[in-house]
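Comments concern the structure below.
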Amino acid sequence: MPIPRKIAWLCLLLAGPASAQSLSLDQALSAAFAQNPELAAVGREIGIAEGERRQAGLLPNPELAWEVEDTRRNTSTTTVTLSQALELGGKRGARIEVAEAGQAVARLELQRQRNGLRADVIQAFHAALRAQTALELAQQSQALTERGLRVVEGRVRAGQSSPVEATRAQVQLAQAQAAVRRAQAERSVARQALARLTGSAEVGFDRLDSASLSPGPAPRAERLLAKVEQTVDWRLAAAQVERGEAGLGSEKAQRIPNLTVSLGSQYSREDRERVNVVGLSMPLPLFDRNQGNVLAAARRSDQARDLRNAVELRLRSDTRSALEQWATAMGEVQAYDRTILPSAQQAVDTATRGFEMGKFAFLDVLDAQRTLIEARGLYLDALASATDARAQVERIYGDLALDR
């Protein structure tokens, strides 16, 4: 029987470096949802809530009692009774309602955790992808400085340039080599963070697959804000309100005392007579009418409503902030893609050719190279800002691709 593709991929991912291969975002998300231990722990809450719901629906156990009066053998009286508490005031139904509200909260909490994990994986994947790209750019910069050093050394040997320029080129090359080592370390850290989110202690991939570093254009704020009440965070806050109201109903039901019915038999050795015993008992709610717990439950219910309003306010504010950050960062990314990076690369090529022909000083080459390296770094920073904003939006609304 053939192994499903997703299971085969997870086996390869968890096998470690020996089976190193490329990793896509979809594969990282699938592995995270299947293997992340924190998500699995939150998923256990559903089973816990199911157990609480089952317990809430159970009836009180009957009570069997045995009593002896006058322990002398010939005059003792033995009484055996079976008692059953009858819950009045709808206590059992109120308990069930509280437990079912807890089940709804557990399911929504799991969904919220999945959205959070999805956002974390997206951030970690793109961080590792940028680190991978940063290493490639650092290696390109090193090759660029090596080319400049060879040109300078040739001009110095020909007596056309000062040895000072060769020293400057060597310093530039040392800085580029240090940048490569730093980029390698950052890539290793980023990959390890991504592997941890996918539930693996070791990095099981050697390269990340992605069509683009860009998270794409930001959606319109109006479209998302209209769905605030459909988000998991808002529904979770609303479920907390429902659980608070159910808890208040349960505490109010506790104000009505239970009735205990007893049936039994009594046997007197002295009279050699057996009689039936029937009894009813009920606490008198003179002092404790559960008024303190009712008040506390009412205040908790009010608190849950206030928290729901606070969650809605936070979601709307976070949505606007994240979308503004996303749009601004994408504007910067487009500027770098269309103008800044091509112009900086052209400046380096022009300065290098001009220096080879003796038209420019080597300082012009160094300045052009530093400008290009700095522009590449700022380009990656803009991409990071846009990706983080997208992750924040998906943390709130889930997979945005499902809404398109």
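Letter by letter, the sequence shown follows residues -20 to -1, 1 to 384 in mature numbering (1 follows the signal peptide of the UniProt record, and there is no 0). Quick reminder that beta carbons are idealized off the backbone N, C-alpha and C, glycines included. In this text, all values refer to a predicted model and were calculated from it rather than measured experimentally.
For residue i, which of helix, strand or coil comes out of DSSP?
{"i": "N270", "result": "coil"}
{"i": "L5", "result": "helix"}
{"i": "F185", "result": "strand"}
{"i": "A45", "result": "strand"}
{"i": "S168", "result": "helix"}
{"i": "E250", "result": "coil"}
{"i": "G357", "result": "helix"}
{"i": "D333", "result": "Residue 333 is actually Arg in this sequence, not Asp. Of the three classes helix, strand and coil, the one that applies to R333 here is helix, per DSSP."}
{"i": "K232", "result": "helix"}
{"i": "R176", "result": "helix"}
{"i": "R40", "result": "It is Pro, not Arg, that sits at residue 40 in the sequence shown. Note: P40 maps to coil in three-state DSSP."}
{"i": "S323", "result": "helix"}
{"i": "E209", "result": "helix"}
{"i": "S365", "result": "helix"}
{"i": "residue 385", "result": "What the structure shows of the chain is the stretch from -20 to 384, and residue 385 is not part of that stretch, so it cannot be assessed."}
List the residues that DSSP assigns as beta-bridge partners of residue i.
{"i": "G378", "result": "DSSP lists no partner for G378."}
{"i": "S245", "result": "V60, N256"}
{"i": "A201", "result": "For A201, which the question treats as bridged, DSSP gives no partner whatsoever."}
{"i": "residue 387", "result": "Nothing about residue 387 can be reported from this structure: the residues present for the chain run from -20 to 384 only."}
Sorted by chain position, which residues of the same chain lie with C-beta nearer than 6 Å to residue i's C-beta, five sequence neighbours on each side aside?
{"i": "G159", "result": "Rather than Gly, the amino acid found at residue 159 in this sequence is Ala. Hits under 6 Å: A118."}
{"i": "A104", "result": "A173, L174, L177"}
{"i": "M(-20)", "result": "Confidence in M(-20) is poor, its pLDDT being 40 and thus under 50, which makes the residue's placement unreliable; the coordinate value appears in the next sentence. No residues qualify anywhere along the chain."}
{"i": "A371", "result": "A99, I102, Q103"}
{"i": "Y316", "result": "Y359"}
{"i": "T51", "result": "none"}
{"i": "V78", "result": "A226, G227, S230"}
{"i": "A369", "result": "A302, Q305, W306"}
{"i": "P(-4)", "result": "At P(-4), the pLDDT of 43 sits below 50, so the modelled position is not reliable; the number obtained from the coordinates is stated separately. Nothing listed; no residue qualifies."}
With a threshold of 7 Å on Cβ separation, who are the neighbours of residue i within its own chain once the five nearest residues in sequence on each side are excluded?
{"i": "residue 386", "result": "Nothing about residue 386 can be read from this structure; the chain reaches only from -20 to 384."}
{"i": "N270", "result": "E231, Q234, R235"}
{"i": "L343", "result": "none"}
{"i": "A250", "result": "The sequence given here has Glu at residue 250, not Ala. Taken in chain order, the residues that qualify are N54, T55."}
{"i": "A12", "result": "L97, V101, L177, T178, G179"}
Given residue i, which residues of its chain have a CB within under 8 Å of its CB, disregarding the five upstream and five downstream residues?
{"i": "L129", "result": "A146, A149, Q150, Q152, L153"}
{"i": "R127", "result": "T332"}
{"i": "V257", "result": "T59, T61, S242, L243, G244, S245, Q246"}
{"i": "R33", "result": "I76, A79, E80, G82, Q83"}
Would you check whether the ligand NAD has a heavy atom nearer than 8 Å to the C-beta of residue i?
{"i": "R350", "result": "Inclusion of the ligand NAD in the displayed structure is not the case, the ligand content being empty and no account of it being possible."}
Query raised in the report: Do the region 298 to 307 and the region 192 to 204 touch if we need at least three Cβ pairs shorter than 8 Å?
Result: With the cut-off at 8 Å, the region 298 to 307 and the region 192 to 204 touch.
**Report entry** Contained alpha helix (DSSP H) runs [length at least 4] in the region 252 to 319, N- to C-terminal order
**Finding:** Entirely contained in the region 252 to 319, the alpha helix (DSSP H) runs reaching 4 residues are, in chain order, 271 to 315.
Query raised in the report: For the 8 Å Cβ check, are there 3 or more pairs between the region 73 to 83 and the region 7 to 20?
Result: A contact is defined here as three or more CB-CB pairs under 8 Å, and the region 73 to 83 fails this definition with respect to the region 7 to 20.
Query raised in the report: Are at least three pairs of beta-carbons, each pair with one atom in the region 222 to 239 and one in the region 121 to 140, less than 8 Å apart?
Result: They do not touch, by the three-pair rule.
Query raised in the report: How do the region 64 to 73 and the region 210 to 227 stand: do at least 3 beta-carbon pairs fall below 8 Å, yes or no?
Result: The region 64 to 73, when compared against the region 210 to 227, does not touch it at the 8 Å Cβ threshold.
Query - beta strand (DSSP E) runs contained entirely in the region 121 to 157, provided each spans 3 or more residues - result: For the region 121 to 157, not a single whole beta strand (DSSP E) run of length 3 or above is found.
Query raised in the report: With a cut-off of 8 Å, do at least 3 Cβ pairs link the region 289 to 296 to the region 213 to 224?
Result: Counting Cβ pairs under 8 Å, three or more are found: they touch.
Requested in this report: For the region 330 to 339 and the region 268 to 282, state whether three or more C-beta atom pairs, one from each stretch, are separated by less than 8 Å.
Outcome: No: fewer than three Cβ pairs fall under 8 Å.
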